[in-house]
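J.:
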DNA sequence: CCCAAATATTTTATGCTTGAAATAAATGTC
DNA sequence: GACATTTATTTCAAGCATAAAATATTTGGG
């Protein structure tokens with residue numbers, strides 16, 4: 001007698017789906033729900049407190065880690081968004097005085113983007129406040145659960161990393 | 001002697017942050033990373049296989065659960081997006097013949113949106129395929145980890161539900 | 001050297017998303 | 001019954017995001 005609920009009768013009609021499949025779908029919907037909720041909260045705070053946005057914060061965060069600057073293509077692959085997307089966000093940050101585009105020696109196609117002094121200063125301040133917001137939004141998350149969450153999500157992420165069949 | 005790592009020296013400079021705060025930030029960044037990766041994969045599949053989008057799928061899913069239809073305001077609160085957002089998505093789905101707007105008796109401000117017969121049929125098929133995609137993308141997620149994930153994310157979600165101070 | 005292919009980036013068209021303003025209709029209050 | 005308020009929805013402006021096409025430049029044969 002089959003006690004394993006994840007193994008189904010092979011005669012099961014193909015329009016029914018397994019329990020494990022349903023559990024994974026629920027997990028995905030829950031991830032989506034939480035990430036949208038948190039993203040919405042952070043977007044609102046960014047707008048009200050900084051007059052800025054999450055995508056701009058992300059770009060500045062990447063550049064803050066690479067003080068020598070990054071190419072547009074490096075930025076878009078680090079942030080996992082399209083090239084054209086980064087163009088627009090960088091344009092706005094340049095207008096705001098947060099970023100500069102520097103030509104690259106020996107390659108006139110490319111340019112390097114880096115934080116201005118003002119951009120560095122602003123980001124350093126904002127990053128601290130941002131971390132506080134996140135910690136508050138996740139204040140019910142224990143260190144233990146945070147670790148469990150990260151471990152589980154890492155396995156999911158790695159399975160989907162760059163192995164497009 | 002203080003053994004609790006989450007309680008810090010009150011003289012700690014305010015530009016340093018606690019370990020638990022850093023762990024929560026890492027957890028949030030990991031949630032974001034996974035949800036963007038999965039969302040991107042699903043978007044691409046939706047586009048290639050169905051010639052459709054995730055937001056349209058979400059609207060149809062909500063209406064599939066409420067066969068009698070929903071008001072625009074019910075839809076936007078169920079999906080946790082703005083009113084104006086739903087207007088545009090519904091417009092496109094009406095053009096595609098998936099949805100109809102039905103006037104509400106005794107209230108000429110409101111209208112009820114519901115799936116057409118074609119919309120119901122299309123969604124039923126797509127939902128099965130969609131569940132298969134999710135199960136495949138999450139195939140490294142055991143039933144046990146799925147439950148753990150859901151439990152942890154639920155506590156985070158509930159903490160942030162509707163208590164804007 | 002010439003030119004096809006590859007690379008780096010921007011532009012374009014389309015759609016999603018928000019917040020705020022506008023429109024329209026219903027409701028409550030004097 | 002007039003009218004201020006509330007409720008339901010749409011419209012608008014701006015920004016984010018993608019895929020695909022366009023532009024510009026570099027590189028690698030022949």
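Chains as they are written, first to last, in the UniProt record's numbering: chain A, 1 to 165; chain B, 1 to 165.
Cβ coordinates follow ideal geometry from the N, Cα and C atoms, glycine included.
No experiment lies behind these values; they were computed from the predicted model shown.
#1: Throw me the rounded Cβ distance for the residue 168/A and residue 70/A pair, which I believe falls under 8 Å.
#2: Within the same chain, show all residues whose beta-carbon is closer than 8 Å to that of residue 79/B, passing over the 5 residues directly before and after it, in chain order.
#3: Using the Cα positions of residue 52/A and residue 92/A, report the straight-line distance between them to the nearest angstrom.
#4: Give the residues of chain A in contact with residue 150/B, contact being defined as C-beta atoms less than 7 Å apart.
#5: Alpha carbon to alpha carbon, how far is residue 89/A from residue 17/B? Give it in angstroms, no decimals.
#6: Is it true that the region 128-145 of chain B meets the region 17-28 of chain A, where meeting means three or more beta-carbon pairs spaced less than 8 Å apart?
#7: Per DSSP, residue 103/A is paired with what?
#8: How long is the line joining the alpha carbons of residue 33/A and residue 159/B, rounded to whole angstroms?
#9: Please identify the residue among 117/A, 107/A, 38/A and 109/A whose C-alpha is closest to the C-alpha of residue 99/A.
#10: Please confirm if residue 145/A has its CB atom under 8 Å from at least one CB of chain B.
#11: Using a Cβ-Cβ distance cut-off of 8 Å, determine whether residue 38/B contacts chain A.
#12: Rounded to whole angstroms, how far is the Cβ of residue 115/A from the Cβ of residue 64/A, which I believe are closer than 8 Å?
#13: Check whether the Cβ of residue 17/B lies closer than 8 Å to any Cβ atom in chain A.
#14: May I ask you to report which of helix, strand or coil DSSP gives residue 46/B?
#15: Within its chain, find whatever has a CB closer than 8 Å to the CB of residue 137/B; leave out the 5 residues flanking it on each side and keep chain order.
#16: Of all the options 54/A, 161/A and 103/A, which has the alpha carbon lying nearest to the alpha carbon of residue 123/A?
#17: Span of the alpha helix (DSSP H) holding residue 85/B?
#18: Output the distance between the C-alpha atoms of residue 150/A and residue 30/B, rounded to the nearest integer angstrom.
#19: What residues match up with residue 98/A in a beta bridge as DSSP calls it?
#20: Between residue 99/B and the ligand ADP, is there a pair consisting of the residue's CB and a ligand heavy atom that are separated by less than 7 Å?
#21: With 8 Å as the threshold, decide whether the Cβ of residue 80/A is near any Cβ in chain B.
#22: Flag residue 227/A as yes if its beta-carbon sits less than 8 Å from any beta-carbon of chain B, otherwise no.
#23: Please tell me whether residue 56/A has its Cβ less than 8 Å away from any Cβ of chain B.
#24: What first and last residue would you give for the alpha helix (DSSP H) that runs through residue 72/B?
#25: Over what stretch of residues does the alpha helix (DSSP H) that includes residue 132/B continue unbroken?
#26: Within its chain, find whatever has a CB closer than 6 Å to the CB of residue 102/A; leave out the 5 residues flanking it on each side and keep chain order.
#27: Find the nearest neighbour of residue 56/B within the set 148/B, 19/B and 94/B, judged by alpha-carbon distance.
#28: Is any beta-carbon of chain A found at less than 8 Å from that of residue 20/B?
#29: Measuring alpha carbon to alpha carbon, tell me which of 152/A, 146/A and 145/A ends up nearest residue 145/B.
#30: Please report how far the alpha carbon of residue 161/A lies from the alpha carbon of residue 110/B, in whole angstroms.
#31: Would you kindly work out how many angstroms separate the C-alpha atoms of residue 125/B and residue 133/B, rounded to a whole number?
T.: With the structure as the only source:
#1: Because chain A is modelled from 1 through 165, residue 168/A falls outside the range shown and cannot be assessed.
#2: Within the second chain, residue 79/B is the residue found at index 79, counting from 1. Excluding positions up to five away in sequence, the list reads 58, 59, 62 and 86.
#3: As a first step, residue 52/A must be located in the first chain, where it is residue number 52. As a first step, residue 92/A must be located in the first chain, where it is residue number 92. If I take the Cα positions, the gap works out to 10 Å.
#4: By one-based count along the second chain, residue 150/B stands at place 150. Near residue 150/B (Cβ distances below 7 Å), the residues of chain A are 26, 27 and 30.
#5: As a working mapping, residue 17/B is identified with position 17 in the second chain. As a working mapping, residue 89/A is identified with position 89 in the first chain. Whole-angstrom Cα-Cα distance: 29 Å.
#6: The answer is yes - the region 17-28 of chain A touches the region 128-145 of chain B, with three or more Cβ pairs under 8 Å.
#7: What you label residue 103/A is simply residue 103 of the first chain in a count that begins at 1. Answer by DSSP bridge pairing, in chain order: 111/A.
#8: Locating residue 33/A in the first chain gives position 33, counting from the first residue. Locating residue 159/B in the second chain gives position 159, counting from the first residue. Straight across, the Cα-Cα distance linking residue 33/A with residue 159/B is about 13 Å.
#9: Along the first chain, read from residue 1 onward, the residue named residue 99/A stands at position 99. Cα-wise, what sits closest to residue 99/A is 117/A.
#10: In the first chain, residue 145/A corresponds to position 145, counting from 1. Yes, because at least one Cβ of chain B sits closer than 8 Å to the Cβ of residue 145/A.
#11: Position 38 of the second chain holds residue 38/B. Yes, residue 38/B counts as interfacial toward chain A.
#12: The count along the first chain starts at 1 and reaches residue 115/A at position 115. The count along the first chain starts at 1 and reaches residue 64/A at position 64. With 8 Å as the limit, residue 115/A and residue 64/A qualify as a contact, their Cβ atoms being about 6 Å apart.
#13: Here residue 17/B corresponds to residue number 17 of the second chain, with the count starting at 1. Chain A contact via Cβ: present.
#14: Here residue 46/B corresponds to residue number 46 of the second chain, with the count starting at 1. Helix.
#15: Locating residue 137/B in the second chain gives position 137, counting from the first residue. Excluding the 5 residues flanking it on each side, residue 137/B has same chain C-beta neighbours closer than 8 Å at 38, 41 and 42, in chain order.
#16: As a position in the first chain, residue 123/A is number 123, starting the count at 1. Nearest of 54/A, 161/A and 103/A to residue 123/A, Cα basis: 54/A.
#17: Against the second chain, residue 85/B aligns to sequence position 85. From DSSP, the alpha helix (DSSP H) with residue 85/B extends over 83-95.
#18: On the first chain, position 150 is the one that residue 150/A refers to. On the second chain, position 30 is the one that residue 30/B refers to. Going from the Cα of residue 150/A to the Cα of residue 30/B covers about 6 Å.
#19: Translated into positions along the first chain, residue 98/A becomes position 98. Its beta-bridge partners do not exist; DSSP assigns none.
#20: For the ligand ADP, the structure offers nothing, since it holds no ligand at all.
#21: Here residue 80/A corresponds to residue number 80 of the first chain, with the count starting at 1. Output row for residue 80/A: interface = yes.
#22: Absent from the model: residue 227/A. The displayed extent of chain A is 1 to 165, so no value can be given.
#23: Residue numbering aside, residue 56/A sits at position 56 when the first chain is read from its first letter. False, the Cβ-Cβ gap to chain B never drops below 8 Å.
#24: Here the question's residue 72/B lines up with position 72 in the second chain. Run containing residue 72/B: 72-79, per the alpha helix (DSSP H) assignment.
#25: On the second chain, residue 132/B is found 132 positions in, with the first residue counted as 1. For residue 132/B, the uninterrupted alpha helix (DSSP H) segment begins and ends at 117-137.
#26: On the first chain, position 102 is the one that residue 102/A refers to. Result list for residue 102/A: 112, in chain order.
#27: As a first step, residue 56/B is located in the second chain; it is residue number 56 there, counting from the start. Looking at the Cα atoms, 94/B is the closest of the given residues.
#28: To locate residue 20/B, count along the second chain from 1; it is residue 20. Chain A contact via Cβ: present.
#29: Here residue 145/B is taken as the residue at index 145 of the second chain, counted from 1. Minimum Cα distance to residue 145/B is reached at 152/A.
#30: In the first chain, the residue the question calls residue 161/A occupies position 161. In the second chain, the residue the question calls residue 110/B occupies position 110. Straight-line Cα distance between these residues: approximately 45 Å.
#31: Here residue 125/B is taken as the residue at index 125 of the second chain, counted from 1. Here residue 133/B is taken as the residue at index 133 of the second chain, counted from 1. The straight-line gap from Cα to Cα measures roughly 13 Å.
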